[in-house]
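J.: Shown below is the structure under consideration.
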Amino acid sequence: MRSGKIMSAVACCLGALLLGSMLVWAQEPVRIKVMLRGDSPQREAFAKEIIPAYEAAHPGIKAEWEPTASGWQQRMVVSYAAGVAPDVTEMFSTFSQEWAEAGMLLDLRPYVQRDLSAADIRDFFPQIWNAGVLFHGPRKGIMYGVPRYVNLIGSVAYNVNKLEAAGLVPIETLDAQGRWNWESFREYLIKLTQRTDDGRTVQWGLCAPPASRWMNILLAGGGRLFNYPDDPYEFILNRPESIYALEYWQTLYALDKVIANAWWTTFERGEAAIDMSGSEVYGSWSSEVIGDRFEWNLGPLPMGPAGRGASSAKDQYGIIATTKHPDEAWAFVKFCISPEGQRIMMRSSGVMPMRSSLLREFVRMFPGKNVQYMADVAPQAFIDQKAVAVEAKRVISLIDSAVNISVIQNLKPVRQAIEEIVPQIEAIMKEAPR
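Residue numbers (the working numbering): 8 to 441.
Written out as structure tokens, the structure reads:
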């Protein structure tokens, strides 16, 4: 009898322990890994704010921040093959499309169709939103990424003091008169460039890496690299409007010599009068960066034959296809692109939201600056042409070489340099998977 009571007590204890273990197990949160860049104070601030906010909104999920480090894109491929990649990653440039082509990224269409309303979709800038769709190859039609924010080249920054010293009216004044175009842009850059008697440049008209900003001039001239998205295999950089735009940029850089082949820090130091950088740079120009050394403001891009040529980089979120927690990973992405998530990014990083409904809030963040110019062109901004090219690594290398030898080095006529690569690019397109 006593033995039976002991056994019964033991059984009760074991049952209680088992039940307790089951309850603890049932309450264990789902854990996901999120790879985000932290290589600047703004990016670090965003990661440290978005993750706690996400966890507070999703009590059953824990998100672990995995900061990027040198070579992280290559390591992502290795970790994907080993089945240990993060669940969510940020991505940009051409490699996001390469990952999609290789099947590394989850197709987000079912989640978008299930959770985002038609009003949500309309709130995103269309060309930037559609950049996450693959328009070529065997996996054509998948949606492999959604935009993080708008990294827009949609305006110029100018040194107010330098324009005044040169006797030039503010850029926005000239634009309001309908006279801020390629002709007046060139005139401004020539007047603002200063050289010593021995030919040394001490002040540049424009600070803009010519090897990358020529794309905006190309777009403003009506040119394109490929017929994206209608036929991304068709190379059209050799069309007259494209050649004309590249020749204009060649004139500014190689003949007039008014462009500093440098990044925005040249403008920050007061060594250039005008800068052509992105909204992410301008949003980070706090009082500590430029301070009271000079007064600066924003103006519109000059009007070209086909428009202003505003474009956005392809900064996105993606979900790695091997994730064991796709729903929780999507919940993180959805939170980041929600109005709340976008406000966190605006507040912590100063970057432009990719929801049109938040543009007024963004503009109000920069009193005294003409940020409205960026807001005006964002809905029509083109996506970075290089980032969506078929066989991007191969064709972009050829294109950049042709532009460099003609536009930058002035060793060949633009048309000749572009026509010389046409057979090679057409051969690559012919071999590319359909």
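Built from N, CA and C at the ideal position, the CB exists for glycine as well.
Counting only the same chain and skipping the five closest in sequence on each side, list residues whose C-beta sits under 6 Å from that of residue 54.
T.: Position 47 of the sequence shown, counted from the start, is the residue given in the question as residue 54. If we look at residue 54 and ignore the five residues flanking it on each side, its Cβ neighbours are 43, 45 and 72.
J.: Quick check on the burial criterion: 16 or more other C-beta atoms within 10 angstroms. Buried or exposed for residue 421?
T.: As a working note, residue 421 is residue 414 in the sequence shown. So residue 421 ends up on the buried side.
J.: Considering only C-alpha positions, which residue in the set 242, 257, 209 and 196 is nearest to residue 224?
T.: Within the sequence shown, numbered from 1, the residue matching residue 224 stands at position 217. Ranking 242, 257, 209 and 196 by Cα distance to residue 224 puts 257 first.
J.: Kindly indicate which residue of 404, 438 and 307 has the alpha-carbon position closest to the one of residue 183.
T.: Stepping through the sequence shown from its first residue, residue 183 is reached at position 176. Among 404, 438 and 307, the Cα nearest to that of residue 183 is on 307.
J.: Under three-state DSSP, which class holds residue 73?
T.: Along the sequence shown, read from residue 1 onward, the residue named residue 73 stands at position 66. Residue state, collapsed to three classes: strand.
J.: May I have the straight-line CA-CA distance separating residue 59 from residue 345, to the nearest angstrom?
T.: Here residue 59 corresponds to residue number 52 of the sequence shown, with the count starting at 1. Here residue 345 corresponds to residue number 338 of the sequence shown, with the count starting at 1. Computed Cα separation, rounded: 15 Å.
J.: From what residue to what residue does the beta strand (DSSP E) around residue 335 run?
T.: Locating residue 335 in the sequence shown gives position 328, where the first residue counts as 1. First-last for residue 335: 333-343, but that is the alpha helix (DSSP H), not the beta strand (DSSP E).
J.: With residue 164 as the anchor, note down where its alpha helix (DSSP H) starts and where it stops.
T.: Counted from its first residue, the sequence shown places residue 164 at position 157. It is not in any alpha helix (DSSP H) - residue 164 instead sits in the beta strand (DSSP E) that spans 162-166.
J.: Which of the three DSSP states, helix, strand or coil, is assigned to residue 194?
T.: Position 187 of the sequence shown holds residue 194. It is helical.
J.: May I have the straight-line CA-CA distance separating residue 65 from residue 342, to the nearest angstrom?
T.: Stepping through the sequence shown from its first residue, residue 65 is reached at position 58. Stepping through the sequence shown from its first residue, residue 342 is reached at position 335. Rounded to whole angstroms, residue 65 to residue 342 spans 10 Å at the Cα level.
J.: Using the DSSP secondary-structure output, state which residues sit across from residue 157 in a beta bridge.
T.: Taking the first residue of the sequence shown as position 1, residue 157 is located at position 150. Residue 157 is bridged to 359.
J.: Among all the DSSP beta bridges, which residues are the ones paired with residue 35?
T.: The count along the sequence shown starts at 1 and reaches residue 35 at position 28. Bridge partners of residue 35: none, in fact.
J.: Kindly list the residues whose CB is nearer than 7 Å to the CB of residue 119, restricted to its own chain and excluding five residues on each side of it in sequence; keep chain order.
T.: One-based indexing of the sequence shown puts residue 119 at position 112. Answer for residue 119: 150, listed in chain order.
J.: For residue 31, count neighbouring C-beta atoms within 10 Å of its own C-beta (all shown protein chains included) and say buried if the count is 16 or more, exposed if not.
T.: Translated into positions along the sequence shown, residue 31 becomes position 24. Interpretation of residue 31 is limited by its pLDDT of 41, a score under 50 that renders its predicted location unreliable; no figure is taken from the coordinates.
J.: Considering only the beta carbon of each residue, do residue 414 and residue 260 sit closer than 8 Å?
T.: Your numbering for residue 414 matches position 407 in the sequence shown. Your numbering for residue 260 matches position 253 in the sequence shown. Yes, the pair counts as a contact, with Cβ atoms nearer than the cut-off.
J.: If you check the beta carbons only, do residue 319 and residue 390 fall under 8 Å apart?
T.: Within the sequence shown, residue 319 is the residue found at index 312, counting from 1. Within the sequence shown, residue 390 is the residue found at index 383, counting from 1. Cβ atoms of residue 319 and residue 390: closer than 8 Å.
J.: Could you tell me how far apart the beta carbons of residue 141 and residue 326 are, in whole angstroms, since I believe they sit closer than 8 Å?
T.: What you label residue 141 is simply residue 134 of the sequence shown in a count that begins at 1. What you label residue 326 is simply residue 319 of the sequence shown in a count that begins at 1. In fact, because the Cβ distance is near 15 Å, the residues do not count as touching under 8 Å.
J.: Hey, quick one: how far does the alpha helix (DSSP H) through residue 118 stretch, first residue to last?
T.: If you number the sequence shown from 1, residue 118 lands on position 111. It spans 116-122 - the alpha helix (DSSP H) in which residue 118 sits, taken as one unbroken run.
J.: To the nearest angstrom, how far is the alpha carbon of residue 334 from that of residue 302?
T.: Along the sequence shown, one-based indexing puts residue 334 at 327. Along the sequence shown, one-based indexing puts residue 302 at 295. Looking at the two C-alpha atoms, the distance is approximately 48 Å.
J.: Provide the residue(s) that pair with residue 1 in DSSP beta bridges, ordered along the chain.
T.: The requested residue 1 does not occur in the structure, where the chain is confined to residues 8 to 441.
J.: State buried or exposed for residue 108, treating a residue as buried only when at least 16 other CB atoms are found within 10 Å of its CB.
T.: By 1-based counting over the sequence shown, the position of residue 108 is 101. Label assigned to residue 108: buried.
J.: Residue 89: buried (16+ other C-beta within 10 angstroms of its C-beta) or exposed?
T.: Counting from one through the sequence shown, the residue named residue 89 turns up at place 82. With fewer than 16 other Cβ atoms within 10 Å, it is exposed.
J.: Mind checking which residues open and close the beta strand (DSSP E) that includes residue 387?
T.: Reading the sequence shown from its first residue, position 380 is the one you call residue 387. No beta strand (DSSP E) holds residue 387; DSSP gives it neither H nor E.
J.: Does residue 282 come out as helix, strand or coil in the three-state DSSP assignment?
T.: Working through the sequence shown from its first residue, we reach residue 282 at position 275. In the structure shown, residue 282 sits in a strand (DSSP, three-state: E or B).
J.: Starting from residue 400, follow its DSSP beta bridges and name the residues at the other end.
T.: Within the sequence shown, the letter at position 393 stands for residue 400. DSSP lists no partner for residue 400.
J.: Which class does residue 202 belong to by DSSP, given the choice of helix, strand or coil?
T.: As a first step, residue 202 is located in the sequence shown; it is residue number 195 there, counting from the start. Looking at residue 202 - three-state DSSP - the assignment turns out to be strand.
J.: Could you check if residue 176 belongs to the surroundings of the ligand SAH, using beta carbon to heavy atom distance under 7 Å?
T.: By its list of ligands, the structure shown contains no ligand whatsoever, and the ligand SAH lies outside what it can speak to.
J.: Expressed to the nearest angstrom, what Euclidean distance is found between the alpha-carbon atoms of residue 161 and residue 212?
T.: For this step, residue 161 is matched to residue 154 along the sequence shown. For this step, residue 212 is matched to residue 205 along the sequence shown. Spanning the two alpha carbons is a distance of roughly 18 Å.
J.: What residues in its chain sit with their C-beta under 7 Å from that of residue 181, if we drop five residues either side in the sequence?
T.: On the sequence shown, residue 181 is found 174 positions in, with the first residue counted as 1. Same-chain partners within the cutoff: 187 and 191.
J.: If I follow the unbroken beta strand (DSSP E) through residue 210, where does it start and stop?
T.: Taking the first residue of the sequence shown as position 1, residue 210 is located at position 203. That run of the beta strand (DSSP E) goes 208-214.
J.: May I ask you to verify whether the stretch 157-172 touches the stretch 367-384, counting CB pairs closer than 8 Å and requiring at least 3?
T.: Yes, the stretch 157-172 touches the stretch 367-384.
J.: Under a Cβ-count criterion, where at least 16 other Cβ atoms within 10 Å of its own Cβ denotes burial, should residue 206 be classed as buried or exposed?
T.: On the sequence shown, residue 206 is found 199 positions in, with the first residue counted as 1. Classification of residue 206: exposed, given that the 10 Å Cβ count is below 16.
J.: Got a sec? Which residues, its chain only, sit under 7 Å from residue 168 by beta carbon, not counting five neighbours each side?
T.: As a working mapping, residue 168 is identified with position 161 in the sequence shown. The residues are 301 and 302.
J.: Per DSSP, residue 43 forms a beta bridge with which residues?
T.: Working through the sequence shown from its first residue, we reach residue 43 at position 36. DSSP, once it has assigned bridges, lists 74 as partnering residue 43.
J.: Suppose the cutoff is 6 Å on Cβ atoms and the five residues either side in sequence are ignored; what does the same chain contact list for residue 288 look like?
T.: Translated into positions along the sequence shown, residue 288 becomes position 281. 271, listed in sequence order.
J.: Bridge partners for residue 430 per DSSP, in chain order?
T.: Here residue 430 corresponds to residue number 423 of the sequence shown, with the count starting at 1. Partner(s): none; residue 430 has no beta bridge.
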